[in-house]
Each structure stands twice: as C-alpha cells, then as structure tokens.
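Chemist: These protein sequence lines map, in sequence, to chains A and B.
One point on numbering: in our numbering, the residue at position 101 of the first sequence is 101, and numbering is uninterrupted.
One point on numbering: in our numbering, the residue at position 86 of the second sequence is 199, and numbering is uninterrupted.
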Amino acid sequence: GDSVTQMEGPVTLSEEAFLTINCTYTATGYPSLFWYVQYPGEGLQLLLKATKADDKGSNKGFEATYRKETTSFHLEKGSVQVSDSAVYFCALSEREYGNKLVFGAGTILRVKS
Amino acid sequence: NAGVMQNPRHLVRRRGQEARLRCSPMKGHSHVYWYRQLPEEGLKFMVYLQKENIIDESGMPKERFSAEFPKEGPSILRIQQVVRGDSAAYFCASSLRQGVDTGELFFGEGSRLTVL
Chain A
1 GDSVTQMEGP VTLSEEAFLT INCTYTATGY PSLFWYVQYP GEGLQLLLKA TKADDKGSNK
61 GFEATYRKET TSFHLEKGSV QVSDSAVYFC ALSEREYGNK LVFGAGTILR VKS
Chain B
114 NAGVMQNPRH LVRRRGQEAR LRCSPMKGHS HVYWYRQLPE EGLKFMVYLQ KENIIDESGM
174 PKERFSAEFP KEGPSILRIQ QVVRGDSAAY FCASSLRQGV DTGELFFGEG SRLTVL
C-alpha cells in the first residue's frame with residue numbers, strides 16, 4: 001500500500017539555521033503531496049502542497065518540490081524561527097481514494113533562540 | 114483551519130465506558146474524515162463519510178468503533194467499552210468535495226481521549 005517515510009526527529013536547530021526535513025513516498029499512482037504542521041495543542045494545518053511532478057509548494061518561507069524521479073518531497077526553510085517549533089507531517093493523497101491522506105510519522109522541530 | 118469544531122476537547126473515561134466524539138465540519142463541507150493519533154505516532158485514517166453514508170471505513174477497528182454523519186447535526190465517532198489502548202487524539206477533518214484537485218482537508222483541534 002501507499003506509504004510515507006519521514007526523517008526521524010527531534011530536529012533541534014538554532015534560530016536562523018537552515019532546515020531540511022526529508023520525506024519520501026511510495027504510491028502506485030500519481031499522488032498529490034502535502035506538508036502539514038501541528039503546533040502544540042492544536043490540530044493540523046496545511047502548510048503547502050504540490051499536485052504534480054516538479055511543482056514547488058511554498059508558504060511562510062517553507063518550500064518543497066515534488067520529485068517524481070526520487071519519490072521525494074523534502075521540506076526546506078532558509079532561516080528558521082522559534083515560532084516554527086512544531087511537528088511537521090508529510091502526507092500524500094491518492095486521487096482514486098478521494099481525499100484520504102496517508103501521513104508520515106511526523107518530525108518534531110525544536111528551534112532554540 | 115478554523116471552522117471544524119470538535120467536542121469535547123478532552124474526555125476521560127474508565128475502562129468499559131462509552132466515548133462519543135462530535136465533529137461539525139466547516140460550513141458547506143459534506144465530506145468528513147476521522148483520524149487517530151496515538152502517542153508518538155502520526156495520524157492514521159479511520160473512516161470517511163458523506164452525509165448519511167460511510168464511504169470508506171477501512172481504517173476503523175471492526176469491533177467497538179462506529180461512525181455516523183447524519184443528514185442533520187454533527188458527525189459522531191462512537192467507541193464502546195473503551196480500553197486503555199483507545200487513549201489517543203482523535204482528529205476530524207472536512208473537505209468541500211471528493212476526489213483530489215487539491216486534496217486539502219481542514220482539521221479540527223482534536224479530541225483527546227484518556228482511558229483510565
């Protein structure tokens with residue numbers, strides 16, 4: 001079945017450091033790819049998405065590029081802030097199953113000032 | 114993200130009791146999803162419903178768990194005879210339509226169930 005694999009955390013960075021969170025996927029079709037963020041005590045919020053190969057999703061300084069050849073969707077940010085501390089989830093959605101999302105296990109990001 | 118309302122936010126039950134979790138989707142959304150997040154894990158799909166219909170319940174345990182989304186009122190996730198392993202955060206999400214062009218789900222803040 002479809003699956004998403006994320007790098008294990010927690011990832012601890014100093015403010016203004018460069019962030020990469022790796023995400024790779026396995027899917028039989030052509031999924032849409034997403035990054036969701038969960039701040040402490042809250043539900044998930046969509047951070048960015050890409051619906052086809054080579055698309056780049058971006059939001060709030062975060063970026064991720066849909067790489068079909070490497071089945072990856074790595075999340076990057078050039079300069080993290082303390083307020084970026086959260087859990088980040090990579091996910092995919094297979095069109096034929098409606099809007100069902102398959103999530104990775106999540107990566108905890110801690111940013112220190 | 115605002116707009117999907119879940120209640121209660123926190124629920125404590127003793128083993129053997131019933132838990133009922135409610136979810137009101139965003140206005141105009143007729144597709145509802147329930148996900149479960151166990152401690153230290155990602156979200157796992159449980160069930161996908163449209164008004165009065167269960168579309169996909171492949172992630173739902175076969176026993177003790179049920180879900181509904183009536184014509185009027187919120188969606189309900191019901192867990193009978195709860196056990197400690199049911200302790201988790203249960204998230205509801207809604208979407209405007211089925212089939213992905215964006216695949217974007219809007220999540221509620223979750224209901225955290227603790228079974229003593």
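Glycine is no exception: its CB is placed at the ideal position from the N, C-alpha and C atoms.
Quick caveat: nothing in here was measured; it's all calculated off a predicted structure.
Quick check on Val213 of chain B: buried or exposed, where buried means 16 or more other Cβ atoms within 10 Å of its Cβ?
Modeler: With a pLDDT of 47 at Val213 of chain B, under the threshold of 50, the modelled position of this residue cannot be trusted; read the value that follows with caution. Buried, by the Cβ-count rule.
Chemist: In chain B, what lies closer than 7 Å to Ala105 of chain A by C-beta?
Modeler: Simply Glu154 and Gly155.
Chemist: Name the DSSP beta bridge partners of Thr227 of chain B, please?
Modeler: B:Val125
Chemist: Give me the chain A residues within the contact set of Tyr203 of chain B, using Cβ-Cβ distance strictly less than 7 Å, ordered along the chain.
Modeler: For the C-beta of Tyr203 of chain B, not a single chain A residue is nearer than 7 Å; the gap to the nearest is close to 11 Å.
Chemist: Looking only at its chain, what residues have a beta carbon closer than 8 Å to the beta carbon of Val11 of chain A, apart from the 5 residues adjacent to it on each side?
Modeler: Leu19, Ile21, Thr107, Ile108, Leu109 and Arg110
Chemist: As a quick exercise: from B:Asn166, B:Gln163 and B:Phe158, pick the residue whose alpha carbon is nearest that of Gly172 of chain B.
Modeler: Taking the Cα of Gly172 of chain B as reference, the smallest distance to any Cα among B:Asn166, B:Gln163 and B:Phe158 is reached at B:Phe158.
Chemist: Measuring CA to CA, which of B:His144, B:Ala132 and B:Ile192 is closest to Lys184 of chain B?
Modeler: Of the listed residues, the one whose Cα sits closest to Lys184 of chain B is B:His144.
Chemist: Out of B:Gly155, B:Gly221 and B:Val125, state which residue places its alpha-carbon closest to the alpha-carbon of Val228 of chain B.
Modeler: B:Val125
Chemist: Whose C-beta lies closer than 8 Å to the C-beta of Asn114 of chain B among residues of the same chain, with five residues either side of it excluded?
Modeler: Per-residue confidence for Asn114 of chain B stands at a pLDDT of 44, beneath the threshold of 50, marking its modelled position as unreliable; the derived number appears in the next sentence. Correct list, in chain order: Phe219 and Phe220.
Chemist: Bridge partners of Lys112 of chain A, per DSSP?
Modeler: A:Ser14
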